[in-house]
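Asker: Quick one: structure below, then a few questions.
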Amino acid sequence: MAATAQVRGISRVLEKLEKSVKDGNFYEAHQMYRTLYFRYLGQKKYKELKDMLYNGALLFLEHDQQLSGADLAILLVDVLEKSEENDYVTWASKLSKVFGRLSSLTPERDTFLAHAIRWSSKGSTHGHPVFHRSIALVYWEEKNYAQARHHFIYSQDGKSCAKLLIEFHMKQGFKGEADLFIAQAVLQYLCLKNKNTANQTFTSYTEQHPRIRRTSPPYLFPLLNFIWFLLKAIESQKLQTFAVLCEQYEPSIKRDPCYIQYLDKIGQIFFGLQPPRQERSGGLFGNIFESFLGSLEDDSDDEPVHQQRSTASHQTPSTSTSSRQSATERLVENQDLD
C-alpha cells in the first residue's frame, strides 16, 4: 500500500512538472526538477530520478529551453555515475537522443558529451563503442563530418564509418585525396588495436567509393596498396614483412607526417617493434630496420625476407606502383599471409 501511494505521489508531481513546462512556467518547473533531484538523490531513488531527469530534459528541449534541458541532462549523467549504471547500450540510445536535441550553439552541449563519455568509459577505455557510434550518427545528420569521423573511430561500426568517409571526401575533399581519407582512419583504428573494424572500414570504403570500386590491389593510389598489404601483414605479425613494406612505400607514407607516428605505434602493437630511444635520429624507419636487422640472427625464416629487402633497397623513390606492388606481393606470399 505504501509503495503504491508513493508511486501515485511521484506521478502527480511529474504531471505537475509537465504542466508547468507546457504552460510556459519554465523557471518554476526547472527549480522544482532540481529540488526533486536533491531529494531523490539523498533517498537513493536512482531509477525514479533517472527517468525524471531524462524525460524532463527532453521536455524542456521540445520547448526550446536549451539551458534548462542541458542542466537536467548533465544531472542525469551525474546520476548514472553515482548509481553505477552499467546498461551502456540502453543509455547510449537515450543520451544520444538528448544530445541530438541540444543545439550545437549551446555551450553546455560539449560539457554534457564529455561527462557522458566519461561515464561510458567505465565499460571501455575511450568510452563505450555503442555510445560513440550513436553520437557519430548525430553529428553525421548535422553534416559535422569531422566530429562524426572522430566518434566513428572509437566505435566498431566500420561500414557506417566508410559511408561517412566517402560522403566527407565527396563533399569537402579534393579528388586526389580519396586515399588520404581512408588511410588515416585505418591507421587510427589500428593504433586503438581495433584491427577488425579497420579491415571492415577499408573494405567497405574501397568497394563503394566511386573513384575506387575495387576489392583488392592494384589500386590507382599507392597508399591504398600499402594499407591493404599492411592489413594482411598484421595477420602474420612478422617484423620483417612490416619493415620491407614500409621501405617499399616510404614515399606514400611520408605524404602525411602523422603516418610515421601511427606506424611506429602499430609496429609496437602488432610486430613487436621496440619503442624508439630518444637519442635515436633515424625516426620510424631507423627504428624499424634496426629491430629488423637485429632479429635476422634469431629467425630461421629470415633468408627469403632478407633477399626481398635487398631487392627493395636498390629501388629509388620513383619506382612505379606496379613494381612496388609486385615486390610486396612476393613478400606476402613468402610470409604466408593469404
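Residues 4 to 341 (my numbering) are what the sequence shown spells out, left to right.
Heads up, the beta-carbon is just placed ideally off N, CA and C, and yes, glycines get one too.
So residue 227 and residue 248 are in contact, right, with Cβ under 8 Å, and what is the actual spacing, rounded?
Answerer: Their Cβ separation, rounded to whole angstroms, is 13 Å, which puts residue 227 and residue 248 out of contact at 8 Å.
Asker: Return yes when the Cβ of residue 270 is within less than 8 Å of the Cβ of residue 204, no when it is not.
Answerer: The answer is no: Cβ separation not under 8 Å.
Asker: If you drop the 5 nearest sequence neighbours on each side, which residues of the same chain put their C-beta closer than 8 Å to that of residue 103?
Answerer: The answer, listed in chain order, is 141, 144.
Asker: Which whole-angstrom value describes the C-beta separation of residue 59 and residue 44, a residue pair presumed to lie in contact below a C-beta threshold of 8 Å?
Answerer: Between residue 44 and residue 59 the Cβ distance is about 14 Å, and since that is not below 8 Å, they are no contact.
Asker: Is the Cβ-Cβ distance between residue 168 and residue 156 less than 8 Å?
Answerer: No, the pair does not count as a contact, with Cβ atoms beyond the cut-off.
Asker: Measure the CB-CB distance between residue 133 and residue 188 and report whether it falls below 8 Å.
Answerer: No, the pair does not count as a contact, with Cβ atoms beyond the cut-off.
Asker: Which value, in whole angstroms, describes the spacing of the CA atoms of residue 63 and residue 137?
Answerer: For residue 63 and residue 137, the distance between alpha carbons rounds to 22 Å.
Asker: Out of curiosity, what's the CA-to-CA distance linking residue 86 and residue 42?
Answerer: If I take the Cα positions, the gap works out to 15 Å.
Asker: Excluding the 5 residues preceding and the 5 following residue 181 in the sequence, name in chain order all residues of the same chain whose CB lies nearer than 7 Å to its CB.
Answerer: Excluding positions up to five away in sequence, the list reads 172, 212, 214, 215, 224.
Asker: Looking only at its own chain, which residues have a Cβ that is under 6 Å from the Cβ of residue 231, when we skip the five neighbours before and after it?
Answerer: Closer than 6 Å at the Cβ level, and outside the excluded window around residue 231, lie 220.
Asker: So what does DSSP say about residue 21, is it helix, strand or coil?
Answerer: Three-state DSSP puts residue 21 in a helix.
Asker: Where do the ends of the alpha helix (DSSP H) carrying residue 93 lie?
Answerer: Here the alpha helix (DSSP H) through residue 93 covers 91–104.
Asker: Taking only runs that begin and end inside the segment 30–60, name each unbroken beta strand (DSSP E) of 3 or more residues, in chain order.
Answerer: Counting only runs of 3 or more, we get nothing.
Asker: Shortest alpha-carbon distance to residue 264 belongs to which of 193, 31, 118, 147?
Answerer: When only C-alpha atoms are compared, the closest one is 193.
Asker: Determine the extent of the alpha helix (DSSP H) in which residue 260 is found, giving its start and end residues.
Answerer: Run containing residue 260: 260–274, per the alpha helix (DSSP H) assignment.
Asker: Please classify residue 128 as buried or exposed, where buried requires at least 16 neighbouring CB atoms within 10 angstroms.
Answerer: Exposed, since its Cβ has fewer than 16 Cβ neighbours within 10 Å.
Asker: Does the distance between the C-beta of residue 260 and the nearest non-hydrogen atom of the ligand MN fall short of 7 Å?
Answerer: In the structure on display, the ligand MN does not appear, and there are no ligands present to speak of.
Asker: With a CB to CB cut of under 8 Å and the five nearest residues on each side skipped, what residues in its chain are close to residue 53?
Answerer: So the qualifying residues of the chain are 79, 82, 83, 86, 88.
Asker: Assign residue 118 to one of three DSSP states: helix, strand, or coil.
Answerer: Of the three classes helix, strand and coil, the one that applies to residue 118 here is helix, per DSSP.
Asker: By DSSP, does residue 206 sit in helix, in strand, or in coil?
Answerer: Helix, per DSSP.
Asker: So, at 7 Å on beta carbons, what are the nonlocal neighbours of residue 217 in its own chain, with the 5 sequence-adjacent residues on each side left out?
Answerer: Excluding sequence neighbours, residue 217 sits near 209.
Asker: Less than 8 Å between the beta carbons of residue 46 and residue 106, yes or no?
Answerer: Not closer than 8 Å, so no.
Asker: State the start and end residues of the unbroken alpha helix (DSSP H) segment that holds residue 215.
Answerer: No alpha helix (DSSP H) holds residue 215; DSSP gives it neither H nor E.
Asker: Please work out which residues of its chain come closer than 7 Å, Cβ to Cβ, to residue 122, disregarding the five sequence neighbours upstream and downstream, and give them in chain order.
Answerer: Correct list, in chain order: 80, 83, 84.
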